[in-house]
Amino acid sequence: MPSRNLALRLTPRVATWALLAVACSCSTPPAPPVAGAVRIRWAQDPENLDPMVLPNPQAIEAANLLHGSLLQLDYAQQLFQPALATGLPARQALGDSLAVLTYELRPEARWDDGKPVTARDVAFSLKLMACPPGLGLPNEDARLAYRFVREVRQEAAFPRRVVLVCAGQAPTHLQATGTFPILPEHRLDAAGRLRRFSLAALQNWPATHLPDTGLTAFAQQYHAFRARQRGNNLPGCGPYALAGWTKDARLTFRRKPAWWADRLPASVPAVLRAPCPLLTFEIVPDEATAGLALQRGELDLFPQVPARLFARLRQSAAARQELAFHAAPSFEVVTVAFNTQRPGLADAPTRRALGLLLDAGGLLQATQLGEGQRTAGLIGPADPRAGCCDSLPPLAFDPPQAALLLGQAGWQRHPDGWHRRAGTAAPATALRLRLRYRTGDAMQETIALQFRAAAARIGVPVALLPTEAGALGAALRAGDFDLCVRTVKGNPFSCNFMPLLHSRAVGEGNVSRFGTAASDELLEQLAAAATPAQQARLLRRFQIMVREQAPLVPLFVVPTRLAASRRLAGLRAYGLKPGYAITALHRAAAPEPAAAPAP
Amino acid sequence: MGLHFLGRRLLNTLVALWGLGSLVFLLGRHDPAGGPEQQLLSDGTESGIGTESRDPAAMAAARQAVRHRLGLDQPLFYLSQQAPAAANGARWRWNGTANQYHHWLARLLRGELGHSLRTGQPVAGQLGAALCCTLPLTGTALALALGAALWLGQGLAGPRRWWQGPVRALLLALQSAPLFVLALGLLLLLANPQALNWFPGYGLADEELAGWNRLGELARHLALPVVSLVLAALPDLALQLEAALRHELGTDYAAAARAKGLGEAQLIRHHALPNALLPTLTQVTGLVPALLAGALVVEVVYALPGMGRLLAAAAALRDYPVVLGGVLLTGAARLGALLLADVLYHRADPRIRWTR
Amino acid sequence: MDQVAHRRRQYAALAWLLLVAGAGLAAPYLPLPFAPAEPDLLAVGVSPAQGAGAGHWLGTDPLGRDVLAGLLFGARTLVLVTVPAALLAALLGAVLGSLAGYGRRLAAPAPAWLLGAGLGWWGLALPRPALGLAAAAGAGAWALGQWLRHRSGPVWALSLDALIQGAGALVGTVPRLVLVAAVATGGPLSLTGLGLLLVLTNWPGPARLVRAETLRVRALPFVEAARALGLPAACILRRHVLPLALRPLRADLPLRLAAFVGLESTLSFLGLGLPPDTASWGRLLDAARLDPAAWWTAAPPMLALLLTTGALLILSKK
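Quick mapping for you: the protein sequence lines, in order, are chains A, B and C.
If you want our numbering, it's the position in the first sequence, counting the first as 1, plus 1382.
If you want our numbering, it's the position in the second sequence, counting the first as 1, plus 340.
If you want our numbering, it's the position in the third sequence, counting the first as 1, plus 45.
Written as structure tokens, this is what we have:
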């Protein structure tokens, strides 16, 4: 077989030549970026840019660039500021449970084709989100989220005035009315088919009724329009347009040359600035790779840097020359939640005793390398609202005390573990715990292993159940665990803990399945608190209630960490995701000089 | 080995592919943790402070609406189990053709792979785009690994040389290093400004380049991923080939050939290699499905948009049509590779034949 | 001289394997300063140089677990789970591969197939169970008729080759997550369950190797001669074909061990692998993913794996 032998003889040579050729071409330096462009690392693809779906944080970030909303978050001041609206809404109570909000739209606000943004567009966006099931619209999530907007009124004489009637009266709750993306009615529903329906009619569409022909025709036209767009992206009035998208690799957003906010009079509010001409989001799933790319100058910003990489980069003199580091406490509190419906965990003394087995200080040091803060409550110590709670010390790690408290809670230690009898006749309950956490999450695994080791020392057996992310939610909702590790996301405005601990949220957000009449009432009062003083007083009662009842044990606040090229100007770390204000970012002409070495 | 045989094997392959697809279809949708509606709606257990409270009843209704929109509320198969036994004693109920499996199969026979549950985009398009990145990577790696294995295997089995010991030790070391260690190690060594900064760190070439420049950039970007894949596949191939060659060189016909005065290199190339190639052929055809399925670890480390990441994300988010499309594609490659292996065995050793 | 060197190397290999086995079995009784699954929160990710003072002779991984304890207890997992699973997978692969390669077929008279199908229908209580009973009765009548008329009916055969190859392709192609959905309805698997899962997902590789070699050996003159002598197929397969056909496994089995160790940690990532408090070399290797700069986490298990694979390869040579 001469032909094969020839091939065999040649293979090594061909391979060597190919490798040589590749190695030779390697001497060229990396291509310079487009002038003024900023490249940001994303860990995953946004998947879907449909503003009604937005399946992950990346998609939400992209939607904020593409779409305008009535209000927008000002990261520096941690407040919602008017964007499409001229100001914060005028608020008026209606009865004892409804509120009427009046927004005025900016006269300058325009779509890309020059048509003004009007109240009709706002009403259309709300109605689109409220469309009943059966039309094939992927709006199930948005439909639930904006259900509290009961009515949208327009006035013919004032085409830029929107009046919303909402359920609930707490001011922080009503901010959500300003956050949904506004979509152009004249592009998506030129025939005005949705105008015939009131918002309430769409929201309360009977499940037995099939949607009528007008709605169906609208849905078909909408689907056809959407299918023509890249990634289900819909036209928006935000500062950027999607210029390129390679799935799992890169998204490019180009600044619109004539964005309406550029025509605003001199003092442009911070949320309406967009100085960067080109934003590129590079999808780099691996953190070590992203760290290298940042050092090589292939990335400008690496948000949410893992603790260990952050510390290593900060210690490296070469990296300090090129990179700037920012950190701030976030609003995310790592907690361990108990399933309070388990027989062994139904009483607060047992939960309080087990809480002493968590070494929050050691875990903070081990997982965050000391950055971040220990916290006694669900509002971190850096938050100004927590000033009222400084009398509450963080829990101490104390296994012997935990054993003592377990004894006081009625448990008796036997050679084979702890047992408790409810009555003389009742069968004994054994204290065996199952701790569920997300597999592959190093922080959660460290917490689980630490708890297990501490519990083993006082004779409490703990089985660890690492669960794949896709199955974890269902397991927690079903209450199939004794303890779980959970990160509670907060924000600077709201004190509404009802999604976390109210008995109405059992089976959803209240994974602890906790709730008494008194605690429910306290949560409702806290969510509806009208003045800061009232809020502070109730918050203090709430934090003490969480400590005493211990449905969950707050451990520490995780920090936001940013590492960025020194050529990036306007960067600061904020507690809210994504941790930076993209409206302030731009590429500086000269790199910021290296500061004194980090301590 | 006539056309009749090939036709029969092809028919077998198609039946096997149908069985494979059906099994994955039924197993995948029989998920105790719940289907894609869990991933498509925001997870209540992740809700934070101040989010709109959602009561379980409303969430259940929304989940049902998602299932209905995606057609997941229909029965799974022609038959479904009944909870209480029916009056006639049957524990199974006949669902007719209004079931998910029937719809899937009917669409598949028309050549449609369906649409992604998450994005609504056609599955075929997504697979095609991912293959455009994966095939150059895995194809080059397979070809290079095979070439290097043939070369190294012959060298290791040949006359004693000083480098054989170290190379063997190196191959063993490569074998005991997991792929991600290899990939990360190469990256930290050769794309690190604090070590050797020779290669780009991640991604593919810029789309704006054209022609030779683009090809050169592509080669630069793919060099490290390809090398890590080659290093991972090489030890197995080379050491197995060496073992087989050594065995052949110890047989009578090799002794006869040596007695005839044939050089060792000639002996290996012309006589031993064809006989020793069988395990290598098996291993190489075993690698063929990975050509299409991609290399998840390397794609993640080097941030390449390939099949491995597409399928892993689809499986994690329970995007059934994409997963099934990937399974059918890799399944076809695997079954095709088995057929190819049998044809190649026959070429390598014409005595091999098949009784039906 | 060559023989002596080889013999020496074999002794060294054996000594290493005994050391690993001994360390694994004795691990719980060794006076180790730290337990393998207990994180030392004060020394997380410390290198051997920094950690030696605190008793972490080989440093700790990014979760604060002692590397030395992980290595020793990992040897225990290797001895008790990985090696048996790899051996079993090779054995299962060898049996199925040789059957497939030898071209055996699963043959039975047609009425027997029909009887089985009918009884199965009835036993599973599929719709109209009586239909299954009727089919079974019909099959019985058919067989009786044949027997009374002393005529042999049609024999239906299934090619074992196609069946085994199809099953192998199936196991190799089903995505791991779908497998998880099929296997893990409850909590994590027991060690035995994990071993079985590893065996079930890994037999096709050895099976394909053995099948290819069987195809070749089957055509060799001495096997033809044995067949001509009228020896039963099972005897030819066992005595004459298998000893030769198993040869590729000798090089394959040691090399596959490393893949098995890697697989344990991959499965752990899906929440299906080893329990998180069981140490294994794969888990140590995997911890390096969290911090690629922590070379001391990955290097010891890699070295141990290298020596073990090498020792097994040396022993597998005559």
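Think of the CB as a built atom: it goes at the ideal place given N, C-alpha and C, for glycine as much as any other residue.
Option in the options with minimal Cα separation from residue i
| i | options | result |
| --- | --- | --- |
| A:L1565 | A:L1847, A:G1841, A:L1934, A:D1432 | A:D1432 |
| A:A1458 | A:A1955, A:A1972, A:A1970, A:R1969 | A:A1955 |
| B:P533 | A:R1919, A:P1489, A:A1675 | A:A1675 |
| C:A339 | B:G505, B:D383, B:R458, B:L528 | B:L528 |
| A:P1881 | B:D395, B:L360, B:L350, B:Q378 | B:D395 |
| A:T1484 | A:Q1460, A:E1537, A:L1646, A:W1627 | A:E1537 |
| A:V1867 | A:H1884, A:T1828, A:A1837, A:R1569 | A:T1828 |
| C:P81 | C:D106, C:H51, C:L357, C:G146 | C:D106 |
| A:E1567 | A:G1560, A:W1587, A:L1508, A:A1582 | A:L1508 |
| B:G543 | A:H1605, A:F1663, A:A1640 | A:F1663 |
| A:D1427 | A:V1666, A:H1605, A:R1969, A:A1719 | A:V1666 |
Per-residue DSSP class, three states only, for residue i
| i | result |
| --- | --- |
| B:L684 | helix |
| A:T1717 | strand |
| C:A280 | What sits at residue 280 of chain C in the sequence shown is Cys, not Ala. In this structure, C:C280 counts as helix in the three-state DSSP scheme. |
| A:R1922 | helix |
| A:N1892 | strand |
| C:G115 | helix |
| A:P1848 | strand |
| A:T1634 | strand |
| B:G671 | helix |
| B:H611 | helix |
| A:P1412 | Here the model assigns A:P1412 a pLDDT of 47, short of 50, so the residue's position is not dependable and the matter cannot be decided. |
| A:L1865 | strand |
| A:T1806 | coil |
| A:V1404 | Residue confidence for A:V1404 is low, a pLDDT of 49 falling below 50, so the modelled location carries little weight and cannot support an answer. |
| A:T1662 | strand |
| B:A485 | helix |
| B:K600 | coil |
| A:Q1723 | coil |
| A:L1487 | strand |
| A:A1980 | Note that A:A1980 scores a pLDDT of 43, beneath 50, so its modelled location is shaky and nothing firm can be said. |
Beta bridge counterpart(s) of residue i as assigned by DSSP
| i | result |
| --- | --- |
| A:D1456 | A:L1461 |
| B:N537 | B:A531 |
| A:F1474 | One point to set straight first is that residue 1474 of chain A is Gln, not Phe, in the sequence displayed. DSSP output for A:Q1474 lists A:V1482 as bridge partner(s). |
| A:F1707 | A:A1945 |
| A:H1968 | A:A1951 |
CB contact flag (residue i, residue j, <7 angstroms)
| i | j | result |
| --- | --- | --- |
| B:A470 | B:G646 | yes |
| C:P84 | C:L108 | yes |
| A:F1875 | A:L1905 | no |
| B:A550 | A:L1526 | no |
| A:A1445 | A:P1617 | no |
| B:L522 | B:S568 | yes |
| C:A304 | B:Q580 | no |
| B:R433 | B:S420 | yes |
| A:V1870 | A:V1715 | yes |
For residue j and residue i, the rounded distance between their alpha carbons
| i | j | result |
| --- | --- | --- |
| C:Y56 | C:V89 | 39 angstroms |
| A:V1940 | A:A1946 | 19 angstroms |
| C:T246 | C:L132 | 13 angstroms |
| C:T218 | B:V667 | 6 angstroms |
| A:R1492 | A:C1619 | 7 angstroms |
| C:L308 | C:R328 | 10 angstroms |
| B:T480 | B:V566 | 7 angstroms |
| B:G454 | A:W1587 | 30 angstroms |
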